[in-house]
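Comments concern the structure below.
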Amino acid sequence: MYRYDEFDARFVAERTEQFRFQVERRLKGELSEDQFKPFRLMNGLYLQLHAYMLRIAVPYGTLSAPQLRMLAHIARKYDRGYGHFTTRQNLQFNWPKLKDVPDILAELATVEMHAIQTSGNCVRNVTSDHFAGADAEEVEDPRPVAELIRQWSSLHPEFSFLGRKFKIAVTASGHDRTALRYHDAGVEIVKNSDGRVGYRIYVGGGMGRTPYLSYVVAEFIEKPDLLAYLEAILRVFNESGRRDNIYKARIKILAHTLGVTAMRDRIEREFAEIKAAGTLEVPEKECARIEAYFAPPAFADLPETALPTGGALGDWVTSNTHPHRVRGYTIVTISLKPIGGVPGDASHEQLDGLAALLDDFSLGELRVSHEQNLVLPHVRIKDLPALHERLTALGLATPNAGLITDLICCPGLDYCDLANARSITIAQEISKRFADGARQHEIGDLKIKISGCVNACGHHHAGHIGILGVDKKGVEYYQLLIGGSAAEDASIGEILGPGFGEHEIADAVERVVDAYLKLRQPGERFLETSRRLGLEPFRTAAYGEQRDGAD
Amino acid sequence: MALIKNGTVASDPYTDVADDAVLPAGPVIVSLQRFRAERDGLLARNTPVGVRLAPDQSPEALGGDLDRLPLVVLEFAKFRDGRPLSWARLLRTRLKFTGEIRATGDFLYDQIAFMVRVGFDAFELPASVTPALFQRALGEMTLVYQPSTDGKKTIRELRD
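If you read the protein sequences in the order shown, they are chains A and B. Residue numbering for the first sequence follows the numbering used here, starting at 1 and increasing by one per position. Residue numbering for the second sequence follows the numbering used here, starting at 552 and increasing by one per position.
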C-alpha cells in the first residue's frame with residue numbers, strides 16, 4: 001500500500017498543527033462557531049446531536065495492521081471503545097472531546113492517517129473498489145489513481161470553499177462496487193480499442209433530496225490528462241454551481257440543468273487551457289512511483305484448491321468469499337452486520353483482533369467497503385477454516401455478505417442532528433426478522449439500505465429495497481422505495497407509497513420480500529423481478545394487510 | 552483596516568467609491584456596474600481605476616478593458632463562498648492579468664494561504680487579522696501538492 005515519504009508526512013504534521021491553532025482560537029472565543037465550522041469540517045470534525053464526531057479518512061478503503069491498532073487505541077483512549085465504518089470507507093468516532101482532537105490527529109499521523117477532507121464543502125476523501133488488486137476482472141488496480149487524486153485534491157487552493165461537497169470514486173472493474181454513478185464525479189479505468197488504458201469520466205451523480213445518476217462527460221481521457229480534466233470539472237462547478245440553496249448546490253443540479261452537451265463544452269474549454277499550460281500533466285515517472293507502492297504482494301504459487309463446504313464454515317464461505325485473480329486465493333468479506341447489531345460498528349477488541357490476523361491471513365492488508373463491511377483481500381483458500389475460527393472468536397464471522405441482513409444504515413437520530421428518524425433500530429429489527437440463514441440464502445442477493453433523513457447517507461435511493469425515515473408532526477415514519485441499485489446497473493428506487501410507522505416497517509418489508517419469493521422466475525434477483533413487474537405487485541403486498549387493518 | 556500588498560503593509564492610494572457618490576480626485580475603485588455605465592469617462596481621467604467584482608461576477612465581463620486596469624478587487628461576500636478563488640486564478644491564467652488582485656470583504660485568517668496561491672497579491676485585512684497574523688498564515692503549510700499561479704514548487708517537483 002501507499003507509504004508516506006518525508007513530504008507527505010510533513011504535510012500531515014503541519015496540517016495537524018494548523019488545526020491545533022484553529023481549535024485554540026475556537027476555545028478562546030477568537031473564532032465563532034460559524035467561522036470555525038468549515039475548518040473543523042475540513043478536518044473531519046462534525047458537531048452532532050450529543051457530541052462531536054470525528055471522521056477519519058481511510059483513503060480508498062485500504063488499512064494496515066498498525067493503522068488498525070491505532071484506531072483501536074483511539075477508540076479506547078479518546079472514545080467509548082468502538083468506531084463506526086461509513087458508506088464512504090471512512091471510520092467515525094462518535095464521542096471525542098474538542099480539546100483532544102488535535103492530539104488524536106497527531107497520533108493518527110504517526111501511522112500515516114488523518115481526517116483531511118472527510119467533510120466540508122471540498123473534494124472529499126476519494127473512494128475506490130474494496131476488491132482492488134484482488135478482483136479477477138479489473139483493468140488495473142484503481143488505487144494508484146485514487147492516490148493521485150487524493151494528493152491533488154488535498155488542500156486545493158481553488159477548491160476548498162465550493163458551493164457544496166464533491167465526492168469522487170474510482171473503479172476499474174465492470175462490476176461496480178463503488179456506487180460510481182451516485183458520485184459527483186466518477187472515474188472508470190477502461191481500455192480503449194487500441195488497448196490503451198485511460199479514463200471514462202462521469203459527472204453529476206448524487207443522492208440526497210434530489211437523486212441523480214451521473215452521465216458520461218468524457219469517453220476516454222488519456223492517463224497524463226486526468227488531473228487536468230478533474231480540475232476543469234471542479235472549476236466549472238466552483239464558478240457556476242448554485243449557492244442560493246443548499247439542496248440545489250451539488251454539481252448534479254448544475255450538470256442536469258445544463259445537460260450533457262453544455263456541461264461538456266464548459267469543461268472542455270477549461271480542460272483545453274489547463275492541458276495547454278501543462279502544469280497538471282501527470283508524468284509517467286510519478287505514475288510509476290505511486291504504482292510501485294501498490295505492486296501485487298508476493299503471492300505463493302498454490303495449487304487449485306476447492307472451497308470448503310458444509311456446516312457453519314460452508315455457509316460463511318458461500319456468502320462471504322469472492323473469486324480472487326490468483327489461483328489458490330480468495331477474497332473474504334468480514335460482515336459488520338451481526339444479527340441485531342449496529343451496522344458498521346467495530347469494537348476496539350475487534351480492531352485489535354483483526355490487526356493480529358492480517359499478516360497471517362491477508363498479506364497484511366484490510367479493506368473497508370462502502371457497504372460498511374471489511375474485506376481481507378488476499379486469503380489462501382486452505383486457510384479459510386482457521387480464519388473462520390479466528391473470526392468467530394472475534395464475533396466477526398456473520399455469514400451474510402450480500403444477503404438481506406447485510407444492510408446499509410446511517411447513524412440516524414441516535415447520533416445525527418440532521419436525522420428525522422432513527423435508522424439503527426429499524427435495521428436491527430429487520431436483521432432479526434430475517435435472521436434465519438436458510439431463509440436468507442433462499443432470498444438471495446437483496447440489498448436493503450436505510451437512511452434517517454433525505455440526505456441519504458444510508459443510500460436508500462440505491463437499495464433494492466430502500467427505507468427513508470421521515471418526521472411527520474413529531475412521529476417517525478418510514479417510506480419504502482423499490483428498485484434502486486448502486487452497481488453497474490445503477491438505478492434510483494421509486495417510493496412505494498405513504499410511510500409506515502416504526503412498528504409496521506419491518507412487517508411491510510417482509511410482505512414485499514414474500515411477494516418477491518412468490519413472483520420471481522428461476523434465477524431472478526429481487527432487483528430483476530421488481531424491474532420486470534414494476535411497483536404494483538409490491539405495493540399491493542406492502543399495503544394490503546395494513547389497509548385491511550386500518551379503519 | 553490594514554492593506555497588505557505583496558506581503559507587506561502598504562498605504563492605499565485608492566478611494567473606494569459607492570455607486571451614487573461623486574468621484575473624488577485620484578485613483579478610485581468602482582463597481583462593475585458603475586464601470587460599465589461610466590467606462591469612457593473613467594478611462595479618460597488618466598488616473599488609475601480599479602474595478603470591484605461581486606462573487607457572482609466573472610472577470611471575463613471586463614473583456615479587453617482589463618489591459619487598462621491596474622487593479623481588480625474581488626469581494627468575499629461570505630467567507631464560505633469560494634468563487635473569488637476561481638476568479639483570481641482565471642485572471643492570472645486565461646486573462647493574463649498582471650495588475651493587482653485585491654481581496655476585500657469577509658475572508659478569514661485561515662483562507663489567506665489559499666488566496667495567495669491562486670493569485671491575490673493585496674488584502675484589505677479584516678479586523679481579526681493583524682499584519683503579524685497575516686505573515687503567520689503564510690507559514691502554516693510549507694508544502695503543496697498542486698501547481699498554481701504562485702509558481703510554488705509542488706511536492707512532486709520536490710521529489711524529483
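Glycine included, each C-beta is placed from N, C-alpha and C at the ideal position.
Got a sec: which bits of the segment 599 to 624 of chain B sit with their beta carbon under 9 Å from any beta carbon on chain A, in order along the chain? Result list: 606, 607, 609.
Please state the DSSP three-state secondary structure of residue 415/A. If DSSP states are grouped into helix, strand and coil, residue 415/A belongs with coil.
Residues of chain A with a CB under 8 Å from the CB of residue 698/B: which are they? Those within 8 Å of residue 698/B in chain A are 279, 280.
Taking the alpha helix (DSSP H) that residue 528/A falls in, what are its first and last residues? Taken as a continuous stretch (DSSP letters only), the alpha helix (DSSP H) holding residue 528/A covers 526 to 533.
Where does residue 490/A sit, in a helix, a strand or coil, going by DSSP? Here residue 490/A sits in coil by DSSP.
Anything in chain B within Cβ reach of residue 156/A, meaning under 7 Å, just list it in chain order. Correct list: 697.
Which of the residues in the segment 33 to 44 of chain A, read from start to end, lie with their CB under 7 Å from any CB of chain B? So the close ones are 35, 38, 39.
Please check if any C-beta of chain B sits within less than 8 Å of the C-beta of residue 5/A. For residue 5/A, the closest Cβ of chain B is nearer than 8 Å.
Using a cut-off of 7 Å between C-beta atoms, extract the partners of residue 242/A located in chain B. Going along chain B, no residue has its Cβ under 7 Å from residue 242/A, so there is no contact; the nearest lies around 11 Å.
Tell me which same chain residues have a C-beta within less than 7 Å of the C-beta of residue 39/A, skipping the five on either side of it? Here the set comprises 22.
Is there a Cβ of chain A sitting closer than 8 Å to that of residue 669/B, yes or no? At least one chain A Cβ lies under 8 Å of residue 669/B.
Run through DSSP, which three-state label would residue 267/A get? Residue 267/A carries a helical assignment under DSSP once its states are collapsed to helix, strand and coil.
Own chain partners of residue 536/A with C-beta closer than 7 Å, once the 5 adjacent residues on each side are dropped: For residue 536/A, same chain residues with a beta-carbon under 7 Å away, outside a window of 5 residues either side, do not exist.
Between the Cα of residue 155/A and those of 701/B, 711/B, 694/B, spot the shortest distance and give me the residue it belongs to. Minimum Cα distance to residue 155/A is reached at 694/B.
In the structure shown, what three-state DSSP assignment does residue 449/A receive? Three-state result, residue 449/A: strand.
Who are the Cβ neighbours of residue 82/A in its own chain at under 7 Å, not counting the five residues just before and after it? Exclusion of the five residues before and after residue 82/A leaves 75, 345, 346, 347, 348 as the residues of its chain whose Cβ lies within less than 7 Å of its Cβ.
Simplified DSSP state of residue 550/A, which is helix, strand or coil: Unreliable placement is indicated for residue 550/A, whose pLDDT of 40 sits below 50; the coordinate value is still reported in the next sentence. Residue 550/A falls in the coil class under three-state DSSP.
Inspect the beta-carbon positions of residue 65/A and residue 359/A and report whether they are closer than 8 Å. Contact: yes.
Residue 601/B - containing beta strand (DSSP E), residue span: First-last of the beta strand (DSSP E) with residue 601/B: 600 to 604.
Using the C-alpha atoms, what's the distance from residue 187/A back to residue 490/A? Within the model, the alpha-carbon separation for residue 490/A versus residue 187/A is close to 15 Å.
Can you tell me where the beta strand (DSSP E) holding residue 667/B begins and where it ends? That residue, residue 667/B, is in no beta strand (DSSP E); its alpha helix (DSSP H) goes 663 to 669.
C-alpha distance - residue 550/A paired with residue 125/A, whole-angstrom precision: Model confidence at residue 550/A stands at a pLDDT of 40, short of 50, so the residue's coordinates are unreliable and nothing is read from them.
Alpha carbon to alpha carbon, how far is residue 325/A from residue 399/A? Those two C-alpha atoms are separated by around 22 Å.
The beta strand (DSSP E) enclosing residue 365/A, as first and last residue numbers: For residue 365/A, the enclosing beta strand (DSSP E) begins and ends at 365 to 368.
Give a yes or no on whether the C-beta atoms belonging to residue 406/A and residue 337/A are separated by under 8 Å. The Cβ atoms of residue 406/A and residue 337/A sit closer than 8 Å to each other.
Decide if residue 300/A is buried, meaning its Cβ has at least 16 other Cβ atoms within 10 Å, or exposed. Label assigned to residue 300/A: exposed.
Cβ-Cβ distance between residue 115/A and residue 55/A below 8 Å: The Cβ-Cβ distance between residue 115/A and residue 55/A falls below 8 Å.
Excluding the 5 residues flanking residue 583/B on each side, which residues of the same chain have their C-beta closer than 8 Å to its C-beta? Result list for residue 583/B: 602, 603, 604, 605, 608, 612, 613, in chain order.
Taking Cβ to Cβ, would you say residue 638/B is nearer than 8 Å to residue 617/B? Contact: no.
By a C-beta neighbour count over all protein chains shown, 10 Å radius and 16 as the cutoff for buried, is residue 437/A buried or exposed? Under this definition residue 437/A is a buried residue.
Under 8 Å between beta-carbons, which chain A residues line up against residue 646/B? List them in chain order, please. Chain A residues near residue 646/B: none, gap ~11 Å exceeds 8 Å.
Which stretch, first to last residue, makes up the beta strand (DSSP E) that contains residue 378/A? Residue range 374 to 380 is occupied by the beta strand (DSSP E) that includes residue 378/A.
Helix, strand or coil for residue 126/A, going by three-state DSSP, please let me know. Residue 126/A carries a coil assignment under DSSP once its states are collapsed to helix, strand and coil.
Determine whether the beta carbon atoms of residue 271/A and residue 202/A lie at a separation below 8 Å. Not a contact, by the Cβ cut-off of 8 Å.
Does DSSP put residue 582/B in a helix, in a strand, or in coil? If DSSP states are grouped into helix, strand and coil, residue 582/B belongs with the strands.
Taking the continuous alpha helix (DSSP H) assigned at residue 387/A, which residues delimit it? Under the DSSP assignment, residue 387/A falls in the alpha helix (DSSP H) whose first and last residues are 384 to 393.
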